[in-house]
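Residue numbers (the working numbering), protein chains in the order written: chain F, -11 to 554; chain V, 26 to 335. Ideal Cβ positions, reconstructed from N, Cα and C, are used throughout, including at glycine. Contents: one structure, followed by commentary.
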């Protein structure tokens, strides 16, 4: 029988669990609503920080907010961002998430981006067209130009919007939106100029893109940025770089936009660490409003149980009544004065429901030894790898390598960690070990001109950098075309000096992404077995013993295989 | 500029002007009220203006207010949050009966019908009481109806008769050489006896801080003062770090821990657990408050925004 209590972890505010008990965390929700309306009326960005214990319903609350905005205040853009990223590509990650959220379809089968663009264009239409709610496709460039002038949009964004609204070159336009590298042919088809792809510049470009989208939405459409899993920015113990950079992101969005609502969620225990890592002015901007998600008291626990139970259609009314009575007895017994989190309440209800649903004459389930944490993690990892393999594309390589490698290398060998010096041009990661420094450059450009430029810059740069050697990473499914003679020549030159090209297998990338996401979820308190939240230390300990051999070989290769020329 | 462009600009300007009129207005305006305030060049017929306003309401840039008679009204403030703020504002000044509150709310809602105000007031009151932003006060003295206020009732207001009785006893025993302090001590002993005998009450009040004696009250006052000092936003239910609070108070560990647990048992604060106690160092554990059941609390939140007993 379907157990209505089993779903206890919300992972995506776009797909929250349907049952909601509004009185739970009503204060924090009210705070978010007020922040949203204040941005709309005062035309000034603001920020809300929400904190609670793991399982207190932070992501669920973001889902409630998203549902409220959809139903009650449809003029908005909702952007959900789980911060499982490297500090050194945070703006690019936010750009990618913003693009993915903008392109999500709403109930009207239009994406948020279409909705926003069409609304802005509608405002520019003359009255007679407005009444008919129609526009001639041939007039689109004219109105987009007007919109571009009014909202100070770049030519590239206007062009890409035009393609998306016309339904032309959609996959290339979407890739541009996400910040992916585009081959010359795609740039040509989109009628776009070639843009610089140096990593420092890319961060600036991504930041400007985010700001530009805020201007596109305009003063009447607030953008809600829901930052979840802030803790996952921490790569290892005593690492504050990610949080520091996030502080700068918050300050920028707060100060440089006028229509943004920032809603960030953290675990209560993390607040002290967050305060220490943020610069004081950035922290002030993060906590313009603060709200807590408090443990559930007995009444709230009973209401939650009752709301979930009503969704179980397989049970008769009488059956529901009896189970509800038993649940109430149990909750009265277990909910202490300090309360319990929603996850703890649901975990207890899950177990009790299972045994009650079998009934006194029911067949007892075969005695099963409780699953160990290790077995749970093994199973979870396998499921994630399977899922990632289905979705992975070569364009994701940079993000996976940059966010997973520094963490996994440090786990494998604590003497190695990522250097946090400001940008080293085209060297994306610098790994620092005992008396050695290895640079990693991500060379996954689809555009051969960009790739050649990057390799040329790396050749010139190597003399200035005190690196022992350099590793170039390129996805195996991204061959360097025969026509890209310059790129090939620079690559050979680099090989002759101190660099080496490594092409990680897709399975290795998928495994690294799965491990990174497991660790990220654990750090953010979003990994639980029953009512027990599995902490990141447990996952790290398990990983130290059970890291996949191919992943270990790849990591080992990065830090030990010195090129013969070096 | 094209004709299309000119018309679109005119409409945009109308929206902007209407927005400004409503934002500057101290009360919601009817369609004709808005039209009267529009510059002559932007005025339009009532039907068209109503359509425009409905469109803006649908898009959420303005709100439809409670009607006055049959007249629809519009404003930049939504009815419910506005009424909520008015209720909390009135009750922060002094407690009201439901009737008094309804009258006050009616005056704040710019002339809408009695029945609408009654329905809105009942709905909001029930929500605010549930959220513990408002509190019911039982009638005291000759009062017949209960009051509603923004802070929990002050027990001392209900102790008039007890005080009179107490003073009478003190006077009686004065001649026998018994001081009022000794009478109070005896009363304390009598009142605490049942609590000491009941294990559940003992669990609920381990420290003896909860309103039992001036020292306990003083300690609670000190803790709350310090909370407001180190985290001014605690009045808005922001989390207060127990580590920070402990280091700013200089109290013996057991006294501090018991006082915090007692505040939680008495429903004055929420306590937030450390998510992963096993991952804390011994030193980190020392800074938290433990309840002896494997829970280590690292933060607290005041339960009521009011908390006006400090």
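Residue range of the unbroken beta strand (DSSP E) whose run includes residue i
{"i": "residue 174/V", "result": "172 to 174"}
{"i": "residue 279/F", "result": "277 to 281"}
{"i": "residue 420/F", "result": "417 to 421"}
Separation of residue j from residue i, as counted between CA atoms
{"i": "residue 104/V", "j": "residue 52/V", "result": "11 angstroms"}
{"i": "residue 221/F", "j": "residue 263/F", "result": "14 angstroms"}
{"i": "residue 21/F", "j": "residue 53/F", "result": "8 angstroms"}
{"i": "residue 162/F", "j": "residue 38/F", "result": "32 angstroms"}
{"i": "residue 67/V", "j": "residue 74/V", "result": "10 angstroms"}
{"i": "residue 165/V", "j": "residue 109/V", "result": "26 angstroms"}
{"i": "residue 67/F", "j": "residue 213/F", "result": "5 angstroms"}
{"i": "residue 397/F", "j": "residue 460/F", "result": "17 angstroms"}
{"i": "residue 133/F", "j": "residue 146/F", "result": "7 angstroms"}
{"i": "residue 266/V", "j": "residue 244/V", "result": "18 angstroms"}
{"i": "residue 503/F", "j": "residue 86/F", "result": "24 angstroms"}
{"i": "residue 408/F", "j": "residue 375/F", "result": "32 angstroms"}
{"i": "residue 388/F", "j": "residue 240/F", "result": "26 angstroms"}
{"i": "residue 273/F", "j": "residue 231/F", "result": "14 angstroms"}
{"i": "residue 11/F", "j": "residue 148/V", "result": "14 angstroms"}
{"i": "residue 307/V", "j": "residue 317/V", "result": "15 angstroms"}
Under 9 angstroms by beta carbon: chain V residues contacting residue i
{"i": "residue 280/F", "result": "262, 263, 264, 295, 297, 324 and 326"}
{"i": "residue 521/F", "result": "300 and 301"}
{"i": "residue 11/F", "result": "152, 155 and 156"}
{"i": "residue 283/F", "result": "295, 296, 297 and 298"}
{"i": "residue 513/F", "result": "300 and 301"}
Contacts around residue i, its chain only, beta-carbon distance under 6 angstroms, and the 5 residues preceding and following it disregarded
{"i": "residue 269/V", "result": "255"}
{"i": "residue 168/F", "result": "383"}
{"i": "residue 153/V", "result": "159"}
{"i": "residue 152/F", "result": "161"}
{"i": "residue 546/F", "result": "459"}
{"i": "residue 39/V", "result": "67"}
Amino acids of chain F, ordered along the chain, whose beta-carbon sits closer than 7 angstroms to that of residue i
{"i": "residue 268/V", "result": "260"}
{"i": "residue 156/V", "result": "14 and 15"}
{"i": "residue 289/V", "result": "325 and 326"}
Partners in chain F for residue i, counting only beta-carbon separations shorter than 8 angstroms
{"i": "residue 101/V", "result": "29"}
{"i": "residue 86/V", "result": "28, 63 and 208"}
{"i": "residue 258/V", "result": "275 and 278"}
Proximal residues to residue i (C-beta, below 7 angstroms), its chain only, five neighbours per side dropped
{"i": "residue 355/F", "result": "Residue placement at residue 355/F is poorly supported in this model, since its pLDDT is 48, which falls under 50; the coordinates are not used for a value here."}
{"i": "residue 92/V", "result": "98 and 137"}
{"i": "residue 129/V", "result": "115 and 121"}
{"i": "residue 84/F", "result": "166 and 167"}
{"i": "residue 294/V", "result": "288, 325, 326, 327 and 328"}
{"i": "residue 300/V", "result": "none"}
Within chain V, the residues that residue i reaches when beta carbons sit closer than 7 angstroms
{"i": "residue 317/F", "result": "Those within 7 angstroms of residue 317/F in chain V number zero; the least Cβ separation is about 18 angstroms."}
{"i": "residue 271/F", "result": "Those within 7 angstroms of residue 271/F in chain V number zero; the least Cβ separation is about 12 angstroms."}
Proximal chain V residues relative to residue i, where beta-carbon distance stays under 8 angstroms
{"i": "residue 525/F", "result": "301, 303 and 304"}
{"i": "residue 41/F", "result": "297, 298 and 300"}
The alpha helix (DSSP H) enclosing residue i, as first and last residue numbers
{"i": "residue 548/F", "result": "537 to 548"}
{"i": "residue 397/F", "result": "385 to 400"}
{"i": "residue 12/F", "result": "No alpha helix (DSSP H) holds residue 12/F; DSSP gives it neither H nor E."}
{"i": "residue 133/V", "result": "123 to 133"}
{"i": "residue 323/V", "result": "Looking at the DSSP string, residue 323/V is not in any alpha helix (DSSP H); the run it does join, the beta strand (DSSP E), is 321 to 327."}
{"i": "residue 160/F", "result": "158 to 166"}
{"i": "residue 108/F", "result": "100 to 112"}
{"i": "residue 530/F", "result": "524 to 534"}
8 angstroms CB neighbourhood of residue i in its chain, flanking five on each side removed
{"i": "residue 54/V", "result": "46, 47, 62, 98, 99 and 100"}
{"i": "residue 465/F", "result": "382 and 494"}
{"i": "residue 302/F", "result": "-11 and -10"}
{"i": "residue 432/F", "result": "169, 382, 383, 385, 386, 461, 462, 463 and 466"}
Residues that residue i contacts on chain F, provided the C-beta gap is smaller than 9 angstroms
{"i": "residue 106/V", "result": "18, 21, 22 and 25"}
beta-carbon residue i near the ligand SAM non-hydrogen atom, thresh 7 angstroms
{"i": "residue 176/V", "result": "Judged by which ligands are present, the structure shown has none, so any question about the ligand SAM falls away."}
**Q.** Contact between the region 42 to 49 of chain F and the region -5 to 9 of chain F (3+ Cβ pairs under 8 angstroms)
**A.** yes
Q) Counting Cβ pairs closer than 8 angstroms, one from the region 536 to 544 of chain F and one from the region 427 to 443 of chain F, do we hit at least three? A) Contact fails: fewer than three Cβ-Cβ distances are below 8 angstroms.
Q) Contact between the region 52 to 71 of chain F and the region 253 to 267 of chain F: three or more CB pairs below 8 angstroms? A) no
Q) Counting pairs of beta carbons, one from the region 276 to 290 of chain F and one from the region 10 to 19 of chain F, are three or more of them closer than 8 angstroms? A) yes
Q. Do the region 321 to 338 of chain F and the region 358 to 378 of chain F make contact, defined as three or more Cβ pairs closer than 8 angstroms?
A. no
Q. Using 8 angstroms as the threshold, is the region 462 to 479 of chain F in touch with the region 440 to 448 of chain F, meaning 3 or more CB pairs across them?
A. yes
Q.
Across the region 22 to 42 of chain F and the region 69 to 89 of chain F, are there enough close Cβ pairs to call them in contact, namely three or more that are closer than 8 angstroms?
A. no
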